[in-house]
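Enquirer: In short: position in the sequence shown from 1, add 270, done, that's my numbering.
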Amino acid sequence: MFTKSLLINYAGFPNEPRLLVPDNGLANLAAALIQKGHSTTILDYATVDMIEKLFPYEYKEQLDDITKRIMVNQKQGLSPNQKDLDEFHGLDEKIENLQRKKVQEIATEISSIVRKKNIDFVGFKLWMGDGFEGSIMIAEQLKKDYPRLPIFAGGPHVDWFREKIFDVCDAFDAIAYGDGEEVITMLADYVSDKIKLEDIPNLIYRKNNGFVTTQKKLVEDLNNLPLPVYDDDVYPAMKNNQKIKMIIMDESRGCPNNCNFCLHPMKSGNRWKIKSAESIVDEMERLVNKYDINIFKFAGSNTPQVLFIDVAKEILKRKLKIRYVAFGNTKSDTSVKEFKLMKDSGCYGLWFGIESGSQKILDEVLNKKIKVEQLKNKLINCKEAGIYTSGSIIIPAPNETVQTKQETLQLLLETKPDSIIVSPPVVIPGTIWDKNSEKFGISISERNKYLKELMLYKIKFIYPTILWNLLPYFKINEKSDKQITGESNSFAQILEKNGILTQISVDTILISEYSGLNPVQFRDKCRKLFSTGNYEEITKIITKINENIANSISKPI
Numbered sequence: 271m272f273t274k275s276l277l278i279n280y281a282g283f284p285n286e287p288r289l290l291v292p293d294n295g296l297a298n299l300a301a302a303l304i305q306k307g308h309s310t311t312i313l314d315y316a317t318v319d320m321i322e323k324l325f326p327y328e329y330k331e332q333l334d335d336i337t338k339r340i341m342v343n344q345k346q347g348l349s350p351n352q353k354d355l356d357e358f359h360g361l362d363e364k365i366e367n368l369q370r371k372k373v374q375e376i377a378t379e380i381s382s383i384v385r386k387k388n389i390d391f392v393g394f395k396l397w398m399g400d401g402f403e404g405s406i407m408i409a410e411q412l413k414k415d416y417p418r419l420p421i422f423a424g425g426p427h428v429d430w431f432r433e434k435i436f437d438v439c440d441a442f443d444a445i446a447y448g449d450g451e452e453v454i455t456m457l458a459d460y461v462s463d464k465i466k467l468e469d470i471p472n473l474i475y476r477k478n479n480g481f482v483t484t485q486k487k488l489v490e491d492l493n494n495l496p497l498p499v500y501d502d503d504v505y506p507a508m509k510n511n512q513k514i515k516m517i518i519m520d521e522s523r524g525c526p527n528n529c530n531f532c533l534h535p536m537k538s539g540n541r542w543k544i545k546s547a548e549s550i551v552d553e554m555e556r557l558v559n560k561y562d563i564n565i566f567k568f569a570g571s572n573t574p575q576v577l578f579i580d581v582a583k584e585i586l587k588r589k590l591k592i593r594y595v596a597f598g599n600t601k602s603d604t605s606v607k608e609f610k611l612m613k614d615s616g617c618y619g620l621w622f623g624i625e626s627g628s629q630k631i632l633d634e635v636l637n638k639k640i641k642v643e644q645l646k647n648k649l650i651n652c653k654e655a656g657i658y659t660s661g662s663i664i665i666p667a668p669n670e671t672v673q674t675k676q677e678t679l680q681l682l683l684e685t686k687p688d689s690i691i692v693s694p695p696v697v698i699p700g701t702i703w704d705k706n707s708e709k710f711g712i713s714i715s716e717r718n719k720y721l722k723e724l725m726l727y728k729i730k731f732i733y734p735t736i737l738w739n740l741l742p743y744f745k746i747n748e749k750s751d752k753q754i755t756g757e758s759n760s761f762a763q764i765l766e767k768n769g770i771l772t773q774i775s776v777d778t779i780l781i782s783e784y785s786g787l788n789p790v791q792f793r794d795k796c797r798k799l800f801s802t803g804n805y806e807e808i809t810k811i812i813t814k815i816n817e818n819i820a821n822s823i824s825k826p827i
């Protein structure tokens with residue numbers, strides 16, 4: 271029996287441009303199902319039209335005024351008026367309450383699709399924040415309408431929270447952690463009564479009064495995976511200008527580092543699985559020819575430098591006109607000459623996990639296993655080669671002091687990266703920070719409540735951290751959530767005063783290149799447009815970006 275399924279991506283309100291990029295994970299799962307003869311449809315609700323559907327326009331002017339006042343203070347390096355912040359967060363809560371009603375409408379629409387298409391099973395990709403809450407609402411409605419419909423879930427949220435997800439939702443028959451390409455096809459076989467649930471790897475499900483966690487199995491050879499599917503009939507959101515036409519590519523998985531704050535090795539393994547340079551560039555060439563898409567982001571969290579070089583040589587050999595961005599590998603020494611080779615091949619920007627400029631913090635708190643001098647050389651060489659140089663910083667890190675923070679500032683002022691995302695620390699379940707919290711001065715007063723808050727927490731990279739929601743039940747070195755976000759925001763203001771752009775990711779920078787705006791203009795305009803739900807202007811800017819991407823294929827970049 272061949273099955274019919276829906277793969278659903280509901281990530282909540284798309285509050286920044288990069289959330290409008292196609293979902294490569296679901297495109298991979300769809301390809302795996304189709305290769306086995308199954309039929310599937312990706313319902314991706316991270317679209318331009320969803321901005322209009324979810325935004326409550328009765329609050330537009332009020333929100334516009336508050337945001338404008340806060341951002342004026344932010345640019346001047348001043349602390350926002352507390353009354354404005356309280357009003358902003360109060361409005362944010364009202365907006366989320368209204369959006370919940372809209373999610374119910376989406377659930378009704380999906381329920382109708384299940385009935386009309388006689389769907390055999392549904393899979394959700396789970397995200398943090400309102401996307402998680404909305405996905406639960408949709409799943410619960412589907413289970414109510416179709417009690418015997420198998421409903422599964424996967425994605426980064428499952429890797430973070432695992433069986434804790436069942437504490438807030440009973441609608442899922444099983445949730446999948448780790449790699450999902452083989453798992454999704456085996457779930458289709460389970461729905462067809464060909465195998466049992468316990469025979470499928472990477473699953474967590476309820477049984478009797480407890481949970482069953484099946485054995486972990488990772489994809490060992492990325493070259494054997496079917497190519498992701500972005501065809502309109504499988505992925506309807508790809509039509510017109512609902513998505514930004516940039517593709518995220520699986521060039522590598524796994525990470526040999528074991529940073530204390532990071533969960534990547536637990537998800538994808540602690541050794542690299544690498545796709546060959548030929549396979550990567552084959553896929554790029556196919557996407558250019560089939561979909562008129564020639565800008566890419568590498569999905570790997572720590573792409574090996576040798577792979578970067580091999581890919582660059584292969585692109586140059588084929589004379590492809592493309593651009594790409596990626597996470598840079600901080601550990602390997604890379605010369606200006608090597609970076610220039612990457613630049614010549616179309617490497618537009620690299621994002622480095624800097625996290626701190628203090629050797630003490632790098633060694634004792636983060637376990638980065640890298641010297642500050644190495645970071646310094648890497649950033650300088652990358653920028654000298656003409657590659658957009660970006661990075662991330664955790665402020666305040668556990669055990670942060672005035673001196674360690676000054677050392678981080680000194681590193682950034684000496685290297686002058688083009689942009690930095692300053693993030694407050696977050697304790698992810700299962701990390702070393704979580705397991706050895708006392709060592710790092712981390713205290714979580716009510717763990718179950720903290721985990722629930724974290725499940726619903728939405729990170730807003732493009733906004734100053736002062737506008738992020740607070741994360742209660744959590745302290746670092748006796749600093750409250752309010753003090754932590756305030757310290758993070760103050761550090762970002764210092765960087766801005768020194769000419770370093772903040773709170774914009776390297777993929778957003780690449781997107782901005784096709785908007786006709788410089789990075790600062792693009793960031794500030796998107797902050798205003800997305801925070802006030804300006805559907806008409808967002809539609810115009812996304813359409814222009816996609817047109818310029820398509821035109822760049824036949825014109826010099």
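Note that CB positions come from ideal geometry on N, CA and C, so glycine has one too.
Kindly list the residues whose CB is nearer than 8 Å to the CB of I585, restricted to its own chain and excluding five residues on each side of it in sequence; keep chain order.
Expert: Hits under 8 Å: V551, M554, I592, S615, G616.
Enquirer: Below 8 Å, can you find three or more Cβ-Cβ pairs linking the region 466 to 477 to the region 489 to 508?
Expert: Segments in contact, no.
Enquirer: Relative to the C-alpha of N747, which candidate in I714, I518, Y784, V776 has its C-alpha closest?
Expert: Per the Cα distances, I714.
Enquirer: Residues in the same chain with beta-carbon distance under 7 Å from G786, minus the five sequence neighbours each way, listed in chain order, please.
Expert: Hits under 7 Å: K814.
Enquirer: With 16 other CB atoms within 10 Å as the buried threshold, where does M725 fall?
Expert: Answer is buried; the Cβ neighbour count reaches 16.
Enquirer: Who are the Cβ neighbours of F597 in its own chain at under 8 Å, not counting the five residues just before and after it?
Expert: Taken in chain order, the residues that qualify are F568, G570, S571, N572, T573, L620, W621, F622, G623.
Enquirer: Quick check: the Cα distance between L740 and R793, rounded to an integer number of angstroms?
Expert: Their Cα atoms are separated by approximately 23 Å.
Enquirer: What residue from I712, N718, L765 has the CA that sits closest to P734's CA?
Expert: The residue with the shortest Cα to Cα distance from P734 is L765.
Enquirer: Shortest alpha-carbon distance to Q773 belongs to which of L721, F761, Q411?
Expert: Taking only the C-alpha atoms, the option nearest Q773 is F761.
Enquirer: Would you kindly work out how many angstroms separate the C-alpha atoms of V830 and I657, rounded to a whole number?
Expert: Not covered by the structure: residue 830. The range shown for the chain is 271 to 827.
Enquirer: Under 7 Å: does the beta carbon of L620 sit that close to some heavy atom of the ligand ATP?
Expert: Looking for the ligand ATP in the displayed structure turns up nothing, as the structure carries no ligands at all.
Enquirer: So, at 8 Å on beta carbons, what are the nonlocal neighbours of L799 in its own chain, with the 5 sequence-adjacent residues on each side left out?
Expert: Taken in chain order, the residues that qualify are E807, I808, I811.
Enquirer: Give the DSSP-derived three-state secondary structure of Y658 in the structure shown.
Expert: Y658 falls in the strand class under three-state DSSP.
Enquirer: Tell me whether Y743 sits in a helix, a strand or coil according to DSSP, three-state version.
Expert: Correct three-state label for Y743: coil.
Enquirer: Short of 8 Å in beta carbon distance, which residues of its chain neighbour K610, apart from the five on each side in sequence? Order them along the chain.
Expert: Answer for K610: A655, G656, listed in chain order.
Enquirer: Using the Cβ count rule (16 or more neighbours within 10 Å means buried), how would you classify E521?
Expert: Per the 10 Å Cβ criterion, buried.
Enquirer: As a quick exercise: from S628, E403, L277, pick the residue whose alpha carbon is nearest that of I383.
Expert: Of S628, E403, L277, the residue nearest in Cα terms is L277.
Enquirer: Note down, in chain order, each residue of its chain lying with its Cβ closer than 7 Å to the Cβ of F710, except the 5 sequence neighbours on either side.
Expert: Cβ neighbours of F710 beyond the five flanking positions: V635, P668, N669, W703.
Enquirer: With I712 and V697 assumed to form a contact (beta carbons below 8 Å), what rounded beta-carbon distance in angstroms separates them?
Expert: With a Cβ gap of about 6 Å, I712 and V697 count as contacting.
Enquirer: Three Cβ pairs or more, each shorter than 8 Å: is that satisfied between the region 444 to 456 and the region 405 to 412?
Expert: Too few Cβ pairs lie closer than 8 Å, so no.
Enquirer: Alpha carbons only, please: which of N351, T311, Y743, I445 is nearest the one belonging to P426?
Expert: Of the candidates N351, T311, Y743, I445, the one whose C-alpha sits nearest the C-alpha of P426 is I445.
Enquirer: Note down the Cα distance separating F531 from M271, rounded to an integer number of angstroms.
Expert: Whole-angstrom Cα-Cα distance: 44 Å.
Enquirer: Evaluate V790 with the Cβ neighbour count: other Cβ atoms within 10 Å of its Cβ, from every protein chain shown; 16 or more gives buried, anything less gives exposed.
Expert: The residue is exposed, with fewer than 16 neighbouring Cβ atoms inside 10 Å.
Enquirer: Determine the extent of the beta strand (DSSP E) in which D443 is found, giving its start and end residues.
Expert: Taken as a continuous stretch (DSSP letters only), D443 belongs to no beta strand (DSSP E), as it is neither H nor E.
Enquirer: Looking at the strands, I want to know which residues DSSP matches up with A547.
Expert: Note: A547 sits in no beta bridge, so no partner.
Enquirer: Quick one: using the 10 Å Cβ neighbour count with 16 as the cut-off for buried, is Y327 buried or exposed?
Expert: Y327 comes out exposed.
Enquirer: Using DSSP with H/G/I as helix, E/B as strand and the rest coil, what is G404?
Expert: In the structure shown, G404 sits in a helix (DSSP, three-state: H, G or I).
Enquirer: Could you pull out every unbroken beta strand (DSSP E) segment of at least 3 residues lying fully inside the region 513 to 587, listed in chain order?
Expert: Listed in chain order, they are 517 to 519, 565 to 568.
Enquirer: Considering only residues of the same chain and omitting the five flanking positions on each side of V428, which have a CB-CB separation below 8 Å?
Expert: Taken in chain order, the residues that qualify are L396, I435, I445, A446, Y447, I474.
Enquirer: So, for N637: in the same chain, excluding its five sequence neighbours on each side, which residues have a beta-carbon less than 6 Å away from its beta-carbon?
Expert: Answer for N637: C529, N530, listed in chain order.
Enquirer: Rounded to a whole number of angstroms, what is the C-alpha to C-alpha distance between K371 and I380?
Expert: Each residue's Cα considered, the two are about 15 Å apart.
Enquirer: Once DSSP output is grouped into helix, strand and coil, what is the label at S605?
Expert: Looking at S605 - three-state DSSP - the assignment turns out to be coil, as it is neither helix nor strand.
Enquirer: Answer with buried or exposed for P284, where buried requires no fewer than 16 other C-beta atoms within 10 angstroms of its C-beta.
Expert: Its Cβ being crowded by 16 or more others within 10 Å, P284 is buried.
Enquirer: Closest to N768 by CA distance: which of T685, G756, I312, D777 is it?
Expert: Nearest of T685, G756, I312, D777 to N768, Cα basis: T685.
Enquirer: Identify the continuous beta strand (DSSP E) that holds K477 and give its terminal residues.
Expert: Element bounds for K477: 473 to 477.
Enquirer: Considering only the alpha carbon of each residue, which of T310, T311, K306, L324 lies closest to A281?
Expert: Selected option, being the one with the closest Cα: L324.
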